[in-house]
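In order, the protein sequences belong to chains A and B.
In this text, residue positions in the first sequence follow the numbering used here: the first is 1, and each later residue adds one.
In this text, residue positions in the second sequence follow the numbering used here: the first is 1001, and each later residue adds one.
Protein chains: 2
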Amino acid sequence: MLGRTQVDVKVDFYSGKIKFMKSTPYHHGALRDALLAAAETVLRRDGLPGMTLRAAAREAGVSHAAPTHHFGDLTGLLTALAADGFRRFGEALRAAVTAPDARRWDGARAYIAFAVANPALFQLMFRTDRLDDANESLRAARLHALQHIAAARHMPATDLSVAQLGEVLGGWALVHGYTLLLLDGRLAGLPRLAPEGTTADALLDAMFAAADAGRAGPRRHD
Amino acid sequence: MLGRTQVDVKVDFYSGKIKFMKSTPYHHGALRDALLAAAETVLRRDGLPGMTLRAAAREAGVSHAAPTHHFGDLTGLLTALAADGFRRFGEALRAAVTAPDARRWDGARAYIAFAVANPALFQLMFRTDRLDDANESLRAARLHALQHIAAARHMPATDLSVAQLGEVLGGWALVHGYTLLLLDGRLAGLPRLAPEGTTADALLDAMFAAADAGRAGPRRHD
DNA sequence: GCGACATCTTTACAGTGGAAAGATATGCTG
DNA sequence: CAGCATATCTTTCCACTGTAAAGATGTCGC
């Protein structure tokens, strides 16, 4: 498609005049949202390498320069995409952490589940070199989402001791590292090293159990 | 520079003949290694986005199509770069883990130190979408390097129990996650949350201490 | 010598991000 | 309701990229 402006010829019933109507209006109306949706479609289908400005524009059915007005450049579009991702990510974490029967690692499982459900988006969210780190929308969405990590350990967002911060940091790093190794396919060979029939999920449980080693017996991996 | 073949005019002292000598030979002789070195220079200077086939060729002073013969395509060059990175990475891990006075987390510190010293290279090494995962050289170098992770926990490379595998996986995920969060600048704001004067290194120690919580007292963080 | 081969350059092409200018619709002001 | 400023979108253009293909140049075995 070379452009989305297609001309249809119509005849006005009453006046009899021939009218040249455009089947798609020159002004889209909600192009910003449409472009974000299109970009995410492309991201999901072709991965981050395939997510180009022009591919997103094609998917949305507009000219390749249309995104410029709304997002400035490619970095701007990716940043908006990442910010939206962090909003949904934060919501998923919040739901998991604040559930009444939430167990110790449920936030972590939600963290991993979001990444598995949106692999390319998740990787983009943590790929600083492709994002505008100064963007306020991104910063706010990210901060809001990541605060649930401390909340998952029942810790305040400020005034933590060094030991507390070490524990929160450790939990985050553990889950984040597992997630990225998983997305990079680096864990695919692990079950082969384990006893016959060990599933990836069982390994994740074992990892959490190892992290919990030494905690009070009854609360262990509750 | 349009090419690296420059012609110098020289006079042969004995024969008196005029000779057209090229100051740079048509055949480089060791272009493969030179290209790898040039590529790493570019990678270090301009990051992964700036590491293009043509940039590496420019840096090495050859035509932009010269790398094709040695590496096939861009993925091939990046794969060779990553394989070389894994070899050096493995050597660094081996040295840290096998040192006679090696402490429990010294392998982890070497892991982080390598990434900090070679940030773009390290990120490339774990960016599967840019590499040829089927490449034997890469697979061998990576396998060899990562085996030191199990060694750091004094565990065999095969026949592990699920619990052992969970501990190894946990250690790897913890350190890998910390490393990537650090490289992505995601930890820059953490010291501000901690008590006045807390350094990033103290936080890392706290993270290791939290991971060691519950281990036998005297051996704790030895 | 001399021909097969490896190595490197030149040329060409489709794709990309981005700048600039033009086209078209919308909304505001009188 | 007319007309104009502005927002939105398209067209055109340029420099850069990866890659393919063909040509140039050197090396080596026979």
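We put the beta carbon where it would ideally sit given N, CA and C, even for glycine.
Practice task
Determine the contact status of A/Ala56 and A/Leu77, defining contact as a CB-CB distance below 8 Å.
Solution key: Position 56 of the first sequence, counted from the first residue, corresponds to residue 56 of chain A. Position 77 of the first sequence, counted from the first residue, corresponds to residue 77 of chain A. For A/Ala56 and A/Leu77, yes; Cβs fall inside 8 Å.
Practice task
Determine which residues of the region 153 to 174 of chain A have a Cβ less than 9 Å from any Cβ of chain B, and write them out in chain order.
Solution key: Ala157, Thr158, Asp159, Leu160, Ser161, Val162, Ala163, Gln164, Leu165, Gly166, Glu167, Val168, Leu169, Gly170, Gly171, Trp172, Ala173 and Leu174
Exercise for the section: Please report how far the alpha carbon of B/Gly1170 lies from the alpha carbon of A/Gly177, in whole angstroms. Expected result: Locating residue 1170 of chain B in the second sequence gives position 170, counting from the first residue. Locating residue 177 of chain A in the first sequence gives position 177, counting from the first residue. Cα-Cα distance, rounded: 9 Å.
Exercise for the section: Tell me whether B/Leu1160 sits in a helix, a strand or coil according to DSSP, three-state version. Expected result: Taking the first residue of the second sequence as position 1, residue 1160 of chain B is located at position 160. Coil.
Practice task
Pull up the distance between the alpha-carbon of B/Ser1023 and that of B/Asp1084, whole angstroms please.
Solution key: Residue mapping note: residue 1023 of chain B aligns to position 23 of the second sequence, counting from 1. Residue mapping note: residue 1084 of chain B aligns to position 84 of the second sequence, counting from 1. Note that B/Ser1023 has pLDDT 45, beneath the 50 cutoff, so the model's placement of it is unreliable and no number is given.
Exercise for the section: Below 9 Å between beta carbons is the criterion; list the residues of the region 196 to 211 of chain A that meet it against any residue of chain B, in chain order. Expected result: Thr198, Ala202, Leu203, Leu204, Asp205, Ala206, Met207, Phe208, Ala209, Ala210 and Ala211
Exercise for the section: Verify whether the separation of the beta carbon atoms of A/His144 and A/Gly107 is less than 8 Å. Expected result: Locating residue 144 of chain A in the first sequence gives position 144, where the first residue counts as 1. Locating residue 107 of chain A in the first sequence gives position 107, where the first residue counts as 1. Not in contact: A/His144 and A/Gly107 (Cβ atoms no closer than 8 Å).
Handout entry: alpha helix (DSSP H) segment containing A/Asp207, residue limits
Key = One-based indexing of the first sequence puts residue 207 of chain A at position 207. According to the sequence displayed, residue 207 of chain A carries Met and not Asp. Per DSSP, A/Met207 belongs to the alpha helix (DSSP H) from Ala200 to Asp212.
Problem - CB contact flag (B/Asp1046, A/Leu48, <8 Å) - result: Your numbering for residue 1046 of chain B matches position 46 in the second sequence. Your numbering for residue 48 of chain A matches position 48 in the first sequence. Pairing B/Asp1046 with A/Leu48 gives a Cβ-Cβ distance that is not under 8 Å.
Problem - Below-8 Å beta-carbon distance, A/Ser23 vs any chain B residue - result: Within the first sequence, numbered from 1, the residue matching residue 23 of chain A stands at position 23. Low confidence applies to A/Ser23: its pLDDT is 44, below 50, so where it sits in the model is not reliable, and the reading given next is rough at best. Not one chain B Cβ lies under 8 Å of A/Ser23.
Problem - Buried or exposed (CB count within 10 angstroms, at least 16 for buried), A/Asp184 - result: The count along the first sequence starts at 1 and reaches residue 184 of chain A at position 184. A/Asp184 comes out buried.
Handout entry: Environment of A/Val116 [buried if 16+ CB atoms lie within 10 Å]
Key = Indexing the first sequence from 1 puts residue 116 of chain A at position 116. Result: exposed.
Practice task
State yes or no: is the C-beta of B/Ala1206 nearer than 7 Å to some heavy atom of the ligand SAH?
Solution key: Ligands displayed in this structure: none; no statement on the ligand SAH is therefore possible.
Exercise for the section: Use the C-beta contact count for B/His1154: other C-beta atoms within 10 angstroms, 16 or more gives buried, fewer gives exposed. Expected result: Counting from 1 along the second sequence, the entry for residue 1154 of chain B is found at position 154. Counting the other CB atoms within 10 Å of its CB gives B/His1154 a total below 16, which places it among the exposed residues.
Exercise for the section: Give the interface partners of B/Ala1213 over in chain A, defined as CB-CB distance under 7 Å, in chain order. Expected result: Against the second sequence, residue 1213 of chain B aligns to sequence position 213. Within chain A, the residues near B/Ala1213 are Gly214.
Exercise for the section: Compare the C-beta of B/Pro1049 against all C-beta atoms of chain A and say whether one is closer than 8 Å. Expected result: The count along the second sequence starts at 1 and reaches residue 1049 of chain B at position 49. Answer yes: the Cβ-Cβ gap between B/Pro1049 and chain A drops below 8 Å somewhere.
Handout entry: Touch test, the region 151 to 168 of chain A against the region 1194 to 1203 of chain B, Cβ-Cβ under 8 Å, three pairs minimum
Key = The answer is yes - the region 1194 to 1203 of chain B touches the region 151 to 168 of chain A, with three or more Cβ pairs under 8 Å.
Exercise for the section: Return helix, strand or coil for B/Met1155, following the three-state DSSP convention. Expected result: Counting from one through the second sequence, the residue named residue 1155 of chain B turns up at place 155. Reduced to three states, the DSSP call for B/Met1155 is coil.
Exercise for the section: Please check if any C-beta of chain A sits within less than 8 Å of the C-beta of B/His1148. Expected result: As a first step, residue 1148 of chain B is located in the second sequence; it is residue number 148 there, counting from the start. No, B/His1148 does not count as interfacial toward chain A.
Exercise for the section: Give every residue of the same chain whose Cβ lies closer than 6 Å to the Cβ of A/Ala60, excluding the five residues on either side of it in the sequence, and list them in chain order. Expected result: One-based indexing of the first sequence puts residue 60 of chain A at position 60. Closer than 6 Å at Cβ, skipping near neighbours: Ala34, Leu35 and Ala38.
Problem - From B/Asp1132, B/Glu1196 and B/Ala1151, residue whose alpha carbon lies closest to that of B/Leu1074 - result: Residue numbering aside, residue 1074 of chain B sits at position 74 when the second sequence is read from its first letter. Checked all of B/Asp1132, B/Glu1196 and B/Ala1151; the closest Cα to B/Leu1074 is B/Asp1132.
Practice task
Please look up how many angstroms separate the CB atoms of A/Val96 and A/Ala82, rounded, as I've assumed it's under 8 Å.
Solution key: Position 96 of the first sequence holds residue 96 of chain A. Position 82 of the first sequence holds residue 82 of chain A. One detail in the question is off: residue 96 of chain A reads as Ala in this sequence, not Val. Contact flag wrong, Cβ pair sits at about 21 Å.
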